[in-house]
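Okay, structure first, notes after.
2 protein chains.
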Amino acid sequence: MADRPNNDRFLRALQRQPTDTTPVWIMRQAGRYLPEYRATRKRAGSFLTLAKTPELACEVTLQPVERFDLDAAIVFSDILTIPDAMGLGLYFVEGEGPKFRNPLRTAEAIKALAVPDPESELRYVTDAVRLARHELDGKVPLIGFSGSPWTLACYMVEGQGSRDFARLKALSLDQPALTHHLLDVNARAVIAYLTAQVAAGAQALMVFDTWGGLLAPSAFREFSQRYLQQIAKALQHNPLTANIPLILFSKGAGAHLEGLADSGCAALGLDWTIDIGDARRRVGERVALQGNLDPATLQASPTALRQEVTAVIDAFGPHPGHVFNLGHGITPNIDLENVAVLVDAVHSHGRHIRQLD
Amino acid sequence: MADRPNNDRFLRALQRQPTDTTPVWIMRQAGRYLPEYRATRKRAGSFLTLAKTPELACEVTLQPVERFDLDAAIVFSDILTIPDAMGLGLYFVEGEGPKFRNPLRTAEAIKALAVPDPESELRYVTDAVRLARHELDGKVPLIGFSGSPWTLACYMVEGQGSRDFARLKALSLDQPALTHHLLDVNARAVIAYLTAQVAAGAQALMVFDTWGGLLAPSAFREFSQRYLQQIAKALQHNPLTANIPLILFSKGAGAHLEGLADSGCAALGLDWTIDIGDARRRVGERVALQGNLDPATLQASPTALRQEVTAVIDAFGPHPGHVFNLGHGITPNIDLENVAVLVDAVHSHGRHIRQLD
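Residue numbers (the numbering used here), protein chains in the order written: chain A, 26 to 382; chain B, 26 to 382.
Below is the structure:
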């Protein structure tokens, strides 16, 4: 590829090609644990202003790759941009997480939903992608992302975060056709949105199915996995996105790896509650795997942290196809020095295990 | 057994003996969704007064079995009574969950912990068990319970609830010997506590490992499962408790069923993220299974609720050894009528599936 970045470990690993060492990036790497992020966030005034101002979103996208030897950048944004563009009115209350002014509470509201045009209604995201891709100047690849259809629907129906998102679950039981309509609109919106991010310069894509794991197995297959497959297939069949690796991350869905691996994605993200070696044996050569250190490990000593990083890399083994990451987003309350330790431990042990092989 | 209760479906199912239908009880069945509970709770003045006054605890223990055709009662108490008896000072802030005045923040504090004598320091629990057993008068069996060593330690070290209990995880990585000391004290305390509940009249026991599922697999085996095994073995080797069925419930630990089934317990509790038919195939004839309807299903219509109950019973099949339950505690915001629907659906479909067999 003409525009392959200088450091292509991440993209090669997603394609299960050999690399000199294990690539690493960190979910939420542009975030509150970084003092420079907090400074930009303060300048922006609010989280949404930060996310909706392409220059500022680009700035925080670059911060972690400037400070640490990470192998990928991910555009700074929120998983709920799509429902916001659909008119639900995303807002944030400090310490309470995302909320919607107009949650979906009637069949009419659900039937009235339309797929937003990303290049107009989500322009701030595609502009941030264009800017970040330009500013990265080939240093590392840039990841675009979206929330999954199910996860978007959780917030759209509940109107805010929840332990169990029981409103959407009850809807899915009582009005399955209406629920499928909602999820299909979301899936088509995600496809258009991810495609626009690729057109703007994203070199890999990730779908965060944060709440898929709250579903019972048959409900997961029917209401979450099915729409992840719809997305993967659509991206595969579009020449623009066919060669862009897609990572699916269903948190808490370790029981569903086989089904997800057959979706047509390039890689699966794993949370930390599954052994990555077992996961690799289960999915075989079908997909690459991304993960899966317990984020709480960053609160331990550097010595213990190095041991745990080593254990994850050893569990995967010296095969191609591992992107190191945490099993969930990095938390704000960690020692910055430990992030450098983590990145160094991945790269040095990743080299070591390949030399032994 | 001379003192076998009139309705022994629950105990027979735990021993994988045939029953006329599937027995059912509901985690948190004595709780806020019941108006009579809220009335008693109001009279008590505080949750802790309610839990620590045997007459009141007995009263709310009986309320659900008086209103619904449930097949077991569970003594009303809290999972954190043991650390409270160790001197950590349990208290509750409305809407914030349990907290400790004296969380464990030093090695000295951990080394100073001692196993409480249940008959003096947790007398309010054994008195509640004695009273409830007497008042039930053989109507249904009475379950005693405790939090698991790991779950107790989560709160003891963190001092309150947490998304990730990272303090204890970091301690387990940085000071494994000290962590094992803490967990061993907790395990011995749980054994003494459960044994005292049996001496007071409990006819089955359950250990709630609410936060075991937050652990990575090897950490789960080392820091949670190991101590569940210690408890199961100790109870098996004591003539007083050897014939009392023990249910282990590790929420989010569907990947660990085989290891837990080998612990010496009678049954495993399952959350709703695993198919109970798959679980049965995995554990075979080793243990009974309890579960596992998604609690959110109680927020759907009676028609959908009946279908979902039926699906869980069908997934287990017509074999002996199924105790129906939710996959987690019942939530306050449900229609009481749906609880009656659930119980009726279990009993009627449980009969039906046995007739087909």
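Backbone N, C-alpha and C fix where the C-beta goes; we use that ideal spot for every residue, glycine too. Quick caveat, the model's predicted, so the values are computed rather than measured.
Residues near residue i in its chain [Cβ-Cβ closer than 6 Å; skip 5 each side]
i       : result
T335(A) : H374
A225(B) : T151, V154 and R155
Q54(B)  : P89
A36(B)  : As written in the sequence, residue 36(B) is Leu, which differs from the Ala given in the question. Once the five neighbours on either side are set aside, the close Cβ partners of L36(B) are P166.
V49(B)  : D96, F349, V368 and V371
P128(A) : G184
R213(B) : V140
T235(A) : T176 and K276
L323(B) : I359 and N363
C179(B) : F190, L193 and W236
A278(A) : G237 and G238
I299(B) : G279
Chain A residues whose Cβ lies nearer than 9 Å to that of residue i
i       : result
P320(B) : D189 and A191
A365(B) : The premise fails here: A365(B) is roughly 18 Å from chain A at the closest Cβ pair, so nothing lies under 9 Å.
Where residue i meets chain A, residues with beta-carbon distance less than 8 Å
i       : result
K124(B) : Near K124(B) there are no residues of chain A at all, since even the closest Cβ is about 18 Å away, more than 8 Å.
Q324(B) : A191, R192, K194 and A195
K121(B) : Reading off the sequence, residue 121(B) comes out as Glu, not Lys. What E121(B) touches in chain A: nothing, since even the nearest Cβ is about 13 Å away.
For residue i, the nearest candidate out of the options (CA to CA)
i       : options                               : result
F233(A) : T74(A), T44(A) and I104(A)            : I104(A)
H205(B) : L367(B), V90(B), T266(B) and Q250(B)  : Q250(B)
L293(A) : D142(A), R41(A) and L323(A)           : R41(A)
S102(B) : G56(B), A195(B) and I355(B)           : G56(B)
V312(B) : T322(B), G279(B), D296(B) and L273(B) : L273(B)
P174(A) : P357(A), K124(A), M231(A) and H159(A) : M231(A)
R32(B)  : F125(B), D162(B) and A132(B)          : The displayed chain sequence assigns Asn, not Arg, to residue 32(B). The shortest C-alpha separation from N32(B) is found at D162(B).
A221(B) : N363(B), I107(B) and R63(B)           : I107(B)
L147(A) : P60(A), Y218(A) and T322(A)           : Y218(A)
A241(A) : L113(B), Q380(B) and I301(B)          : I301(B)
S145(B) : A110(B), K164(B), R126(B) and K124(B) : A110(B)
T131(A) : R34(A), L196(A), R158(A) and T356(A)  : L196(A)
S171(B) : H281(B), Q261(B) and P143(B)          : P143(B)
L260(A) : A244(A), I299(A), V215(A) and L295(A) : V215(A)
L271(A) : H281(A), A291(A) and H262(A)          : A291(A)
Amino acids of chain B, ordered along the chain, whose beta-carbon sits closer than 7 Å to that of residue i
i       : result
E84(A)  : The contacting residues do not exist; E84(A) stays about 28 Å from chain B at best.
G114(A) : Going along chain B, no residue has its Cβ under 7 Å from G114(A), so there is no contact; the nearest lies around 24 Å.
G238(A) : T298
A178(A) : Result: empty, since nearest Cβ-Cβ is about 14 Å, beyond 7 Å.
Spatial neighbours of residue i in its chain, beta-carbon cut-off 7 Å, leaving aside the 5 residues before and after
i       : result
R331(A) : V366 and A370
L81(B)  : T65, A69 and L75
G169(B) : V100, V154, L219, Q222, V223, A227 and L230
Y62(B)  : A55, G56, V85 and Q88
Q255(A) : A212
G346(B) : A38, R41, A313 and L314
A286(A) : L293, V308, R311 and V312
P43(A)  : P345
Contact set between residue i and chain B, taken where Cβ atoms lie within less than 8 Å
i       : result
W297(A) : A241
E333(A) : L198
D339(A) : What D339(A) touches in chain B: nothing, since even the nearest Cβ is about 11 Å away.
G277(A) : G277 and T298
Chain-ordered chain A contacts of residue i [CB-CB under 7 Å]
i       : result
D199(B) : A325, S326 and A329
A202(B) : Those do not exist, as A202(B) stays about 13 Å from chain A at its closest Cβ, beyond 7 Å.
Cβ-based neighbour list, residue i, same chain, cut-off 8 Å, excluding 5 preceding and 5 following
i       : result
K258(B) : S288 and G289
R376(B) : D45 and T46
L265(A) : T220, V223 and A224
P30(A)  : L36, L161, G163, K164, V165, P166 and Q228
P327(A) : E362, N363 and V366
L381(A) : P343
Y149(A) : A76, K77, T78, P79 and A82
A267(A) : L260 and Q261
9 Å Cβ cut-off: residues of chain B touching residue i
i       : result
A280(A) : G279, A280, T298, I299, D300 and D303
Near the ligand HEM: residue i beta-carbon under 8 Å from a heavy atom
i       : result
T298(B) : The model on display carries no ligand, and the ligand HEM is accordingly not part of it.
Taking 8 Å as the threshold, find out whether the stretch 295 to 313 of chain B comes into contact with the stretch 331 to 347 of chain B through three or more Cβ pairs.
-> yes
Please determine if the stretch 177 to 196 of chain B and the stretch 105 to 120 of chain B are in contact, where contact requires at least 3 C-beta pairs separated by less than 8 Å.
-> yes
Inter-stretch contact at 8 Å, needing at least 3 Cβ pairs: the stretch 308 to 320 of chain B / the stretch 342 to 351 of chain B = Under the 8 Å Cβ criterion, the stretch 308 to 320 of chain B counts as touching the stretch 342 to 351 of chain B, having at least three qualifying pairs.
Can you give, in chain order, each stretch of the alpha helix (DSSP H) that sits fully within the stretch 229 to 266 of chain B and has at least 4 residues?
-> 251 to 262
Which runs of the alpha helix (DSSP H) spanning at least 4 residues fall entirely within the stretch 300 to 363 of chain B, listed in chain order?
-> 301 to 308 and 327 to 341
Inter-stretch contact (C-beta, 8 Å, three-pair minimum) for the stretch 130 to 140 of chain B and the stretch 201 to 219 of chain B | yes
Write down every uninterrupted run of the alpha helix (DSSP H) in the stretch 31 to 92 of chain A whose length is 4 residues or greater and which is fully enclosed by it, in chain order.
-> 34 to 39, 60 to 69, 72 to 77 and 79 to 92
In chain order, which alpha helix (DSSP H) runs of at least 4 residues are fully inside the stretch 106 to 174 of chain A?
-> 132 to 136, 143 to 146 and 148 to 161
Could you name each continuous alpha helix (DSSP H) segment of 4 residues or more that falls completely within the stretch 177 to 232 of chain B, going from the start of the chain to the end?
-> If only complete runs of 4 or more residues are kept, the stretch 177 to 232 of chain B shows the alpha helix (DSSP H) at 191 to 199 and 201 to 224, in order along the chain.
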